[in-house]
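K.L.:
Going by my numbering, the first residue of the sequence shown is number 313, and it counts up by one from there. One structure is given below, represented as structure tokens, and several questions about it will come after.
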Amino acid sequence: MPLYRAQVLDTPGDPFRGAALRADADAGLLVVDGAIVERGPYAAVRDGHRDEPVVDLRSGLLLPGFVDTHVHYPQMRAIGALGMPLLEWLDRCALPEEARLADAGYAREVAGEFVGSLVDSGTTTALVFGSHFAPAVDLLFEQATERGLRITSGLVVGDRMLRPELHTTVQRAYDEARELAGRWHGNGRTRYAVTPRFSLSCTDELLASCAAVQDDVAGCWFTSHINENPAEIAKVRELFGCGYLESYDRHGLVGPSSILAHNVHPTDAELKLLAAKGASVAHCPTSNAALGSGLFPLDRHLACGVRVALGCDVGAGTGFCLFKEGLQAYFMQRLRGPEGVPLASAHLLYLATGAGAGALGLRDQIGDLEEGKRFDAIWLDPRAGSPLEIGLRHADGPSDALAKVFALATPHDVQGVWVDGERLKG
Ligand SMILES: [Zn+2]
Numbered sequence: 313m314p315l316y317r318a319q320v321l322d323t324p325g326d327p328f329r330g331a332a333l334r335a336d337a338d339a340g341l342l343v344v345d346g347a348i349v350e351r352g353p354y355a356a357v358r359d360g361h362r363d364e365p366v367v368d369l370r371s372g373l374l375l376p377g378f379v380d381t382h383v384h385y386p387q388m389r390a391i392g393a394l395g396m397p398l399l400e401w402l403d404r405c406a407l408p409e410e411a412r413l414a415d416a417g418y419a420r421e422v423a424g425e426f427v428g429s430l431v432d433s434g435t436t437t438a439l440v441f442g443s444h445f446a447p448a449v450d451l452l453f454e455q456a457t458e459r460g461l462r463i464t465s466g467l468v469v470g471d472r473m474l475r476p477e478l479h480t481t482v483q484r485a486y487d488e489a490r491e492l493a494g495r496w497h498g499n500g501r502t503r504y505a506v507t508p509r510f511s512l513s514c515t516d517e518l519l520a521s522c523a524a525v526q527d528d529v530a531g532c533w534f535t536s537h538i539n540e541n542p543a544e545i546a547k548v549r550e551l552f553g554c555g556y557l558e559s560y561d562r563h564g565l566v567g568p569s570s571i572l573a574h575n576v577h578p579t580d581a582e583l584k585l586l587a588a589k590g591a592s593v594a595h596c597p598t599s600n601a602a603l604g605s606g607l608f609p610l611d612r613h614l615a616c617g618v619r620v621a622l623g624c625d626v627g628a629g630t631g632f633c634l635f636k637e638g639l640q641a642y643f644m645q646r647l648r649g650p651e652g653v654p655l656a657s658a659h660l661l662y663l664a665t666g667a668g669a670g671a672l673g674l675r676d677q678i679g680d681l682e683e684g685k686r687f688d689a690i691w692l693d694p695r696a697g698s699p700l701e702i703g704l705r706h707a708d709g710p711s712d713a714l715a716k717v718f719a720l721a722t723p724h725d726v727q728g729v730w731v732d733g734e735r736l737k738g
């Protein structure tokens, strides 16, 4: 029963609804079977548990583990291509790389690199866009299980407008998804997500087969892309004769268990419908900046009551670290001028932790370090003399310290990562 002693920062409440950052300068967290069973001032918790081993983390900061709600496993090696908008980038960079995962040996290597990169960056839970190839999706689930990550993922399907080797059929998409969900949904820390690539690459018949999988696999998740780029949105309208959200919703795919990535260019009617359905949006700011997709209208999402979390969107996104995504989200709101939402460090932490946990239906288990939650945590302990360590030493209180973390922290500063109390890094 380890007793963790640390300076702890988390957001048990929603800062977008006025909740404050919670900061405990010297907290004690008693962890039993992966759960936080007691939390309080260290001295008080210690008094009740004199014989438990103490893990002293006072040289750094303890935060909840990151929750990434949008990241593509097959694009691990495609990070960093510059200078293209979405559809050109897909054709020239992402899809050729995704096709290579037909080779199971290649997919195994990429899955290992991908899972390792998430853990290294402090991500403890992720909603992962899988591969178009079922064996490669098995390999991802296997590697995630081996490392101990909490992931929700699934077979990516499309039957038009991709490379021919990535196309599936309505029946094959259904059969393979059911088999994968049978093996992985609710198995340990893994769950299944129905994952059409985007409506552009899916016929109505294929989207209907996705809905059939969703109906058949109780408690599974739904994820895809939406409203990322004006050229893409125009093409969806031409193909379906309706708006982007409706292309999914008319098949019954949109609900509280849905996470749609991007939504940079939504209509007001779409925002209202997303809110009414209880669906969530994964905001992916480095990807939106790298592809020139646009500045995310966070104010309009908040005004309509749409739930928003963060995603790194590797490989269009420029890395796995949600500190960087949080900082980029802040930058993008600054650039929106008077329409931008002023984000404080507590908002950034919430977007990277509690908001994602809520979007994934896991808020009762993870997203902060409250008593009763699972011990999914990261420990930042920057090198002495680094700009972050100097900044933390001179910070003017916890909010300022957390702002410096989002400005300066990298995966190198993440010296400890735990899921269910099991140490995955450090
Ligand atoms: Zn994406």
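Glycine included, every Cβ here is placed at the ideal spot set by N, Cα and C. Every value quoted in this text rests on a predicted model; they were computed, and no experiment measured them.
Can you have a look at Thr-481 and say buried or exposed, based on whether 16 or more other CB atoms are within 10 angstroms of its CB?
P.N.:
Locating residue 481 in the sequence shown gives position 169, counting from the first residue. The residue in question, Thr-481, is exposed, as its Cβ has fewer than 16 Cβ neighbours within 10 Å.
K.L.:
Who are the Cβ neighbours of Asp-625 in its own chain at under 6 Å, not counting the five residues just before and after it?
P.N.:
Taking the sequence shown and counting its residues from 1, one reaches residue 625 at position 313. Correct list, in chain order: His-382, Cys-596, Ser-599.
K.L.:
Could you check how far apart the C-beta atoms of Gly-567 and Gly-590 are, in whole angstroms? I think they sit under 8 Å.
P.N.:
Walking along the sequence shown from the start, residue 567 turns up at place 255. Walking along the sequence shown from the start, residue 590 turns up at place 278. The pair is a contact, with the Cβ atoms about 7 Å apart (cut-off 8 Å).
K.L.:
Quick check for students: name the residue ranges of the beta strand (DSSP E) that lie wholly in the stretch 352-424, counting only runs of 3 or more.
P.N.:
List check, beta strand (DSSP E) in window: 366-376, 378-384.
K.L.:
Which of the three DSSP states, helix, strand or coil, is assigned to Ile-702?
P.N.:
Within the sequence shown, numbered from 1, the residue matching residue 702 stands at position 390. Helix, per DSSP.
K.L.:
Since Asn-539 sits in a beta bridge, which residues does DSSP pair it with?
P.N.:
Position 227 of the sequence shown, counted from the start, is the residue given in the question as residue 539. In the DSSP output, where bridge partners are listed per residue, Asn-539 has none listed.
K.L.:
Check whether the Cβ atoms of Thr-437 and Asp-380 sit closer than 9 Å, and answer yes or no.
P.N.:
Taking the sequence shown and counting its residues from 1, the one referred to as residue 437 is at position 125. Taking the sequence shown and counting its residues from 1, the one referred to as residue 380 is at position 68. Against a cut-off of 9 Å, the Cβ pair of Asp-380 and Thr-437 comes out as a contact.
K.L.:
Identify which residue in Leu-407, Leu-512, Pro-376 has its Cα closest to the Cα of Pro-542.
P.N.:
Numbered from 1 along the sequence shown, position 230 holds the residue referred to as residue 542. Considering only alpha carbons, the answer is Leu-512.
K.L.:
Within 10 Å of its beta-carbon, does Gln-483 have 16 or more other beta-carbons around it, so buried, or fewer, so exposed?
P.N.:
Against the sequence shown, residue 483 aligns to sequence position 171. Classification of Gln-483: exposed, given that the 10 Å Cβ count is below 16.
K.L.:
For Lys-737, name the three-state secondary structure that DSSP assigns.
P.N.:
Numbered from 1 along the sequence shown, position 425 holds the residue referred to as residue 737. In this structure, Lys-737 counts as strand in the three-state DSSP scheme.
K.L.:
In this structure, how does DSSP classify Ile-545 when only helix, strand and coil are distinguished?
P.N.:
Position 233 of the sequence shown, counted from the first residue, corresponds to residue 545. Looking at Ile-545 - three-state DSSP - the assignment turns out to be helix.
K.L.:
What are the residues that DSSP puts in a beta bridge with Tyr-560?
P.N.:
As a working note, residue 560 is residue 248 in the sequence shown. The partner list for Tyr-560 (beta bridge, DSSP) is empty, contrary to what the question assumes.
K.L.:
Could you check where the beta strand (DSSP E) with Pro-508 kicks off and where it finishes?
P.N.:
In the sequence shown, residue 508 corresponds to position 196, counting from 1. Taken as a continuous stretch (DSSP letters only), the beta strand (DSSP E) holding Pro-508 covers 502-508.
K.L.:
Going by DSSP, what residues sit across from Ile-348 in a beta bridge?
P.N.:
Along the sequence shown, one-based indexing puts residue 348 at 36. Ile-348 pairs with Val-343.
K.L.:
Return yes when at least one heavy atom of ligand 1 lies under 8 Å from the C-beta of His-574, else no.
P.N.:
Position 262 of the sequence shown, counted from the first residue, corresponds to residue 574. Answer for His-574: yes, Cβ within range of ligand 1.
K.L.:
Using the Cβ count rule (16 or more neighbours within 10 Å means buried), how would you classify Asn-539?
P.N.:
Position 227 of the sequence shown, counted from the start, is the residue given in the question as residue 539. Classification for Asn-539: buried.
K.L.:
Comparing alpha-carbon positions, which option in Leu-341, Gly-340, Asp-322 lies nearest Ala-332?
P.N.:
Start at 1 with the first residue of the sequence shown, and residue 332 comes out as number 20. When only C-alpha atoms are compared, the closest one is Asp-322.
K.L.:
Please classify Ile-410: is it buried, with 16 or more other beta-carbons within 10 angstroms of its beta-carbon, or exposed?
P.N.:
Here residue 410 corresponds to residue number 98 of the sequence shown, with the count starting at 1. In the sequence on display, residue 410 carries Glu and not Ile. Buried, because 16 or more other Cβ atoms sit within 10 Å of the Cβ of Glu-410.
K.L.:
Using a Cβ-Cβ cut-off of 7 Å (strictly less than) and excluding sequence neighbours within five positions of Glu-458, which residues of its own chain qualify?
P.N.:
Translated into the one-based positions of the sequence shown, residue 458 becomes position 146. So the list is empty, once near-sequence residues are dropped.
K.L.:
Counting Cβ pairs closer than 8 Å, one from the stretch 510-525 and one from the stretch 423-431, do we hit at least three?
P.N.:
Counting Cβ pairs under 8 Å, fewer than three are found: no touch.
K.L.:
Bridge partners of Asn-499, per DSSP?
P.N.:
In the sequence shown, counting from the first residue as 1, residue 499 sits at position 187. Asn-499 is bridged to Thr-502.
K.L.:
Which term fits Ala-318, buried or exposed, when burial requires 16 or more other beta carbons within 10 angstroms of its beta carbon?
P.N.:
As a first step, residue 318 is located in the sequence shown; it is residue number 6 there, counting from the start. Flag for Ala-318 reads buried.
K.L.:
Mind checking whether the beta-carbon of Ala-656 lies closer than 8 Å to any heavy atom of ligand 1?
P.N.:
Numbered from its first residue, the sequence shown carries residue 656 at position 344. Incorrect: Ala-656 has no Cβ contact closer than 8 Å to ligand 1.
K.L.:
Identify the continuous beta strand (DSSP E) that holds Leu-439 and give its terminal residues.
P.N.:
What you label residue 439 is simply residue 127 of the sequence shown in a count that begins at 1. Looking at the DSSP string, the run of the beta strand (DSSP E) that includes Leu-439 is 435-441.
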